[in-house]
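Below is one structure; the comments refer to it alone.
2 protein chains.
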Amino acid sequence: MTTNLQTFRQSVRQGEWTLHTSGVLPGHLQGNVVILPSDWAQDFYQFCLNNPKPCPIIGMSEVGDPRLPALGLDLDIRIDVPKYRIWQNGKLVSEVTDIKDYWNSNLVAFVLGCSFTFESALVRAGIPLRHLEHRKNVAMYNTTLALKPSARFWGNMVVSMRPLTVADTIRAIEISSRLPQAHGAPVHFGSPNDIGIADLQNPEYGESVEILSNELPVFWACGVTPQQVLTQVKPPFCITHAPGCMLLADVQENFDFLKSF
Amino acid sequence: MTTNLQTFRQSVRQGEWTLHTSGVLPGHLQGNVVILPSDWAQDFYQFCLNNPKPCPIIGMSEVGDPRLPALGLDLDIRIDVPKYRIWQNGKLVSEVTDIKDYWNSNLVAFVLGCSFTFESALVRAGIPLRHLEHRKNVAMYNTTLALKPSARFWGNMVVSMRPLTVADTIRAIEISSRLPQAHGAPVHFGSPNDIGIADLQNPEYGESVEILSNELPVFWACGVTPQQVLTQVKPPFCITHAPGCMLLADVQENFDFLKSF
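As you go down the protein sequences, you meet chains A and P in turn. The opening residue of the first sequence carries number 20 in our numbering; numbering runs sequentially from there. The opening residue of the second sequence carries number 20 in our numbering; numbering runs sequentially from there.
What follows is the structure in structure tokens.
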């Protein structure tokens, strides 16, 4: 585990850190990344505003500018994500550790809030999260929850799932509800079938975890949603982060509200 | 239904309004009432601070002073509750429509926040509440949820129950969590047995409602809790409101936070 932001940035920039960033540098805001040509970016922007739970925008670059000064003065979206995915016509064509060869003056980078933020808050409030305890990537599922379309963008929501007791579910809703920039409150709990999930032990992304008899599966809107959407919408070119391998911001999370809990 | 506060107050003061106050003058804060001799009031005050979910203090009189200026300049706790209960040694001895004959210079009046407040917020947010639709008093139950004792005060929590869909349960938790002065977020949902309720169709107070197959019972801490506690603690003398027949404050509820939902 890296000890500070500078060391972590160097490690990412040198292509050494290619793992998921769950639990890395707790307190720093992390984000999902979507990079699109400018003619697709406007539609995507509206799509995000239509669907703030899966797609909460926390940063956006100028056209062709790889910097994101609101999230970190030194940030460069071409080199600061541990692992990227390159998409052509909705197909994943490669995974790379920097996108210097792919960046051009017509691209716009979006950073969307991430569940790692509300997970930090939950852990700080004493709510145990099994996938973190077992050092797994969180389980994520495609659902039948329809998103609100915008122009060329449409699709269903991807959710992440964490098993919790009833008491912890209530507390988790209270806490994550206060973090709308990180997916907000859950979209569902209980029966997976209600949202089109056939088998909790077979997540489409991430790794499954055990659900104890006194626990419910609790489902949050997930930042992988845009990647599922991209496979259907098929823009000619797109870059995303690899699931779990987030952009780390200089900006710190603010959990002052937890003092009243 | 009365049309304004002044008409309602007159009707209560003349002993004409002796019904429950659910849905009366929406927007006005309502409160549960507990009146105790001063030597018991200090313990009760600490007990409320120990148990803010069932007993959120929103007003408290000076010793022997029947006024509650923070809740209404004209309020008089002796005449402004539609129906009172007189308790001696933990036993309900009578119900009356004013307490002028019982008030004395040694009494302290407490006003505790009330579920009617969060119910107004839920209804305003478009969440249907069956007992309101059926013009019933809400169903309330004794539980095995132990309260945090203070000196002579101890006992278990009384809860109110509302059946909600999963989606509405999540929204109801988000909303009521922002109203700590009105019992805050639920204490439980789902299996009634988990909190010692044997039969939802037989509430200890109020009236039962149907629970549809796509709904869960959702349980909130209830302002009737102190009355249940008083039957065990048995102070020599005490006055409460009759369940559902609340004190109406001049003060308005503030639901500005709903704009962000």
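Where is the CB? At the ideal position from N, CA and C, for every residue including glycine.
Cα-Cα separation between residue i and residue j, rounded to whole angstroms
i, j, result
"Q251 of chain A", "W59 of chain A", "14 Å"
"H153 of chain P", "R181 of chain P", "13 Å"
"N69 of chain A", "S169 of chain A", "8 Å"
"G34 of chain P", "F276 of chain P", "37 Å"
"W106 of chain P", "A186 of chain A", "34 Å"
"G145 of chain A", "Y121 of chain A", "43 Å"
"D269 of chain A", "H39 of chain A", "18 Å"
"H207 of chain A", "V237 of chain A", "6 Å"
"A217 of chain A", "S195 of chain A", "26 Å"
"S57 of chain P", "K253 of chain P", "15 Å"
"Q200 of chain A", "L267 of chain A", "15 Å"
"V43 of chain P", "P88 of chain P", "21 Å"
"T26 of chain A", "R190 of chain A", "35 Å"
"T184 of chain P", "L235 of chain P", "6 Å"
"S139 of chain A", "P211 of chain P", "31 Å"
"G109 of chain P", "F256 of chain P", "8 Å"
"L90 of chain P", "G132 of chain P", "11 Å"
"R104 of chain A", "G78 of chain A", "19 Å"
"A19 of chain A", "V53 of chain A", "Residue 19 of chain A lies beyond the range of chain A shown here (20 to 280); nothing can be said about it."
"H150 of chain P", "Q271 of chain P", "23 Å"
"T259 of chain A", "N233 of chain A", "37 Å"
"L24 of chain P", "L94 of chain P", "12 Å"
"C241 of chain A", "V82 of chain P", "55 Å"
Extent of the continuous beta strand (DSSP E) run through residue i
i, result
"S179 of chain P", "175-183"
"Q271 of chain A", "266-271"
"L163 of chain A", "Sequence inspection shows Thr at residue 163 of chain A; the Leu mentioned does not correspond to that position. Element bounds for T163 of chain A: 158-165."
"T37 of chain P", "Here T37 of chain P belongs to no beta strand (DSSP E), and DSSP marks it neither H nor E."
"Q107 of chain A", "103-107"
"T259 of chain P", "256-260"
"V31 of chain A", "No beta strand (DSSP E) holds V31 of chain A; the alpha helix (DSSP H) holding it covers 24-32."
"G78 of chain P", "76-79"
"F238 of chain P", "235-240"
"A128 of chain A", "126-132"
"E229 of chain A", "It is not in any beta strand (DSSP E) - E229 of chain A carries neither H nor E in the DSSP assignment."
"V112 of chain P", "110-115"
N-terminal and C-terminal residue of the alpha helix (DSSP H) that residue i is part of
i, result
"A60 of chain P", "57-69"
"P245 of chain P", "244-252"
Where residue i falls: helix, strand or coil (DSSP)
i, result
"V142 of chain P", "helix"
"D187 of chain A", "helix"
"Q2 of chain A", "The structure shown does not extend to residue 2 of chain A, since chain A is modelled only from 20 through 280, so no value can be given for it."
"F148 of chain P", "Reading the sequence as shown, one finds Leu at residue 148 of chain P and not Phe. Of the three classes helix, strand and coil, the one that applies to L148 of chain P here is coil, per DSSP."
"D275 of chain P", "helix"
"F280 of chain A", "coil"
"D95 of chain A", "strand"
"N212 of chain P", "helix"
"I192 of chain A", "helix"
"G263 of chain P", "coil"
"P45 of chain A", "coil"
Chain-ordered chain A contacts of residue i [CB-CB under 7 Å]
i, result
"G209 of chain P", "V185"
Chain-ordered neighbours of residue i on chain P, where CB pairs are closer than 9 Å
i, result
"I192 of chain A", "T188, I189, I192, E193, S196, A204"
Integer Cβ distance of residue i from residue j, believed to fall under 8 Å
i, j, result
"T37 of chain P", "K119 of chain P", "No, T37 of chain P and K119 of chain P are not in contact; Cβ-Cβ is about 16 Å, not under 8 Å."
"D99 of chain A", "R28 of chain A", "7 Å"
"V130 of chain P", "G203 of chain P", "That belief does not hold up - the Cβ atoms of V130 of chain P and G203 of chain P are roughly 17 Å apart, past 8 Å."
"G263 of chain A", "S41 of chain A", "6 Å"
"L48 of chain P", "T136 of chain P", "6 Å"
"P17 of chain A", "C74 of chain A", "Because chain A spans 20 through 280 in this model, residue 17 of chain A falls outside it and cannot be assessed."
Distance cut-off 8 Å: residue i Cβ against heavy atoms of the ligand SAH
i, result
"L111 of chain A", "Here there are no bound small molecules, and the ligand SAH is not part of this structure."
### Message
What are the residues in the segment 29-60 of chain P lying within 7 Å of chain B by C-beta distance?
### Response
This model lacks chain B altogether, as its protein chains are A and P.
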